[in-house]
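One structure below.
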Amino acid sequence: MKFTIVGAGAIGSLFACILQSQHHQVHCWTRSRRAQIQREFHDRHGQLQTFTFTNRKTELIAQSDAVIVCVKAFQTAAAVADIAPYLDAQTPLILCHNGIGTHSAVMQQRPEQPLLFASTSQAALKQGETLYHTGVGPTFIGWLSHASHSSASHNHAPNNLASPNHASHTDATDEPSVISTLRDALNDAHFEPDILPKLWEKLAINCAINPLTALHNISNGQLAAPLYQETLKALCDEVSLVATAEGYPMAAEALLTRVKAVIQATAANHSSMHQDIHHQRRTEIDYISGYLVQRAYIHHIEVPANHTLWQAITQREQSYV
Ligand code: KPL
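This is the structure we're talking about:
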């Protein structure tokens with residue numbers, strides 16, 4: 001298949017290398033104006049392979065069978081606007097980032113576009129042109145909603161952070177052909193007609209791990225220390241309440257167990273928010289803890305643990321942005 005990958009950060013580069021290694025045609029669309037980009041890819045078995053991708057060819061967007069947008073949540077709407085003039089209206093557009101809340105702006109721009117979301121637990125570290133595949137985990141891909149459904153009932157949240165609904169033009173159980181390609185390529189990828197519970201599960205993990213590791217300048221594994229257990233429990237209790245109010249019931253204990261499993265499985269890693277704060281970059285906090293707080297507000301649910309972390313990370317960002 002022919003893919004365009006928008007954004008060649010860690011996850012975008014990982015998808016690009018994996019797909020090209022499986023003989024798919026991969027074209028990248030990055031902010032860099034270079035005609036080609038290169039990655040020295042260290043796979044999970046320590047093998048090194050060099051990949052070269054054509055960059056920013058408008059005709060290759062038009063010819064793509066699928067476009068995967070792997071930029072940060074706050075860059076997603078602008079990235080879609082950038083490629084929109086060249087995008088065929090039938091091409092599946094797959095968003096992939098941490099957090100929830102970009103769909104409204106994208107759907108407003110592209111109301112007819114088949115729109116999906118990929119929530120991945122794959123992990124990668126990019127240092128310059130070198131890419132390390134640092135963790136494996138499942139990827140869940142499913143339909144996102146369309147504007148005709150999303151705005152009326154839920155659009156009280158500022159910044160287009162309304163809760164998504166399902167696609168109006170497509171039967172949600174329809175599995176696009178790109179999914180079977182991604183399933184083969186990514187090894188542990190699954191089609192989820194109802195992607196929202198998966199996004200909330202990942203949101204819980206990110207609400208728990210990302211801000212705490214960033215604030216305390218620690219690896220994911222260091223969150224297993226007794227010092228953090230009370231806060232992790234409070235964060236999971238709050239996410240469980242809000243997810244349930246949103247219509248995605250989640251037991252708080254199950255979420256906490258899942259968070260602890262991810263802390264163990266990714267013990268040596270530094271979370272994406274830790275890396276963003278470390279490099280004084282903007283974080284995805286508004287789409288993680290911020291999104292949780294916005295939805296909690298709609299449902300009149302108190303979320304003090306998440307609110308505190310949202311504010312703390314926002315203040316940290318403002319100290320350098
Ligand atoms: O998704 C992640 C991130 O760093 O953004 C986790 C799961 C916390 C792994 O580090």
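Residue numbers (my numbering): 1 to 321. C-beta: ideal position from N, C-alpha, C; glycine also.
Which word fits residue i, buried or exposed, when buried means at least 16 other C-beta atoms lie within 10 angstroms of its C-beta?
i      : result
Asn217 : exposed
His23  : exposed
Asp188 : exposed
Gly46  : exposed
Leu196 : buried
Asp184 : exposed
Tyr228 : buried
Leu144 : buried
Glu112 : exposed
Arg56  : buried
Gln109 : exposed
Tyr291 : buried
Glu246 : buried
Gln90  : exposed
Ala254 : exposed
His133 : buried
Ser13  : buried
Gly101 : buried
Thr257 : exposed
Ser32  : exposed
Arg295 : buried
Leu19  : buried
Ser319 : exposed
Gln315 : exposed
Ala323 : No answer is possible for residue 323: the residues shown for the chain start at 1 and end at 321.
Ala352 : With the chain running from 1 to 321 in the structure shown, residue 352 is simply not present.
Thr52  : exposed
Leu48  : exposed
How many whole angstroms separate the CB atoms of residue i and residue j, which I take to be in contact at a CB cut-off of 8 Å?
i      : j      : result
His270 : Ser219 : 6 Å
Tyr119 : Lys198 : Correcting the residue identity first, residue 119 is Ser in this sequence and not Tyr. At roughly 5 Å, the Cβ-Cβ gap stays under 8 Å, so Ser119 and Lys198 are in contact.
Leu131 : Ala268 : About 17 Å separates the two Cβ atoms, so there is no contact after all.
Gly7   : Ala79  : 7 Å
From the DSSP output, which residues share a beta bridge with residue i?
i      : result
Trp29  : Val6
His42  : Leu48 and Tyr132
Val69  : Val6 and Leu95
His190 : Phe140
Lys126 : Leu131
Asn55  : Cys28
Thr120 : Thr139
Ile37  : Phe53
Leu115 : Leu93
Keeping to the same chain, check which residues put their C-beta closer than 7 Å to that of residue i; ignore five residues upstream and five downstream.
i      : result
Ile288 : Asn98, Gly99, Leu203, Asn206, Cys207 and Asn210
Asp88  : Ala62
Phe191 : Ile141, Gly142, Glu175 and Ile179
Thr266 : Ala123, Gly135 and Asn220
Gln222 : none
Leu60  : Thr4, His27 and Thr54
Lys72  : His97 and Glu284
Ile324 : An answer regarding residue 324 cannot be provided, because it is not within the stretch 1 to 321 covered by the chain.
His299 : Val242 and Ala245
Ala305 : Thr231, Ala234, Leu235 and Glu238
Thr76  : Val69, Leu95, His97, Thr102 and Val106
Val303 : Glu238, Val242, Leu292, Val293 and Ala296
Arg44  : His133 and Val136
Leu125 : Ala10, Tyr132 and Thr134
So, for residue i: in the same chain, excluding its five sequence neighbours on each side, which residues have a beta-carbon less than 8 Å away from its beta-carbon?
i      : result
Lys260 : Ala224 and Leu232
Thr50  : Gln38, Arg39, Glu40 and Phe41
Val178 : Met1, Asp65, Ala66, Pro92 and Ile94
Asp276 : Ala214, Arg282, Thr283 and Glu284
Ile301 : Glu238, Leu241, Val242 and Ala245
Ala81  : Gln109
Met250 : Pro197, Trp200, Glu201, Ala204, Val239, Ser240, Ala243 and Thr244
Take residue i and list the residues in its own chain whose beta-carbon comes closer than 6 Å to its own, dropping the five residues that flank it on each side.
i      : result
Pro114 : Pro92
Thr58  : Tyr86
His274 : Thr213 and Ala214
Trp324 : Outside the shown range of the chain, which is 1 to 321, sits residue 324, and nothing can be said about it.
His307 : Val293
Phe117 : Leu95, Leu144 and Ile195
Gln311 : none
Leu309 : Pro211 and Ser289
Leu186 : Thr139
Leu182 : Ala189
Just to check, is the beta-carbon of residue i closer than 6 Å to a non-hydrogen atom of the ligand SAM?
i      : result
Asn269 : In the structure on display, the ligand SAM does not appear, and the ligands it does have are the ligand KPL.
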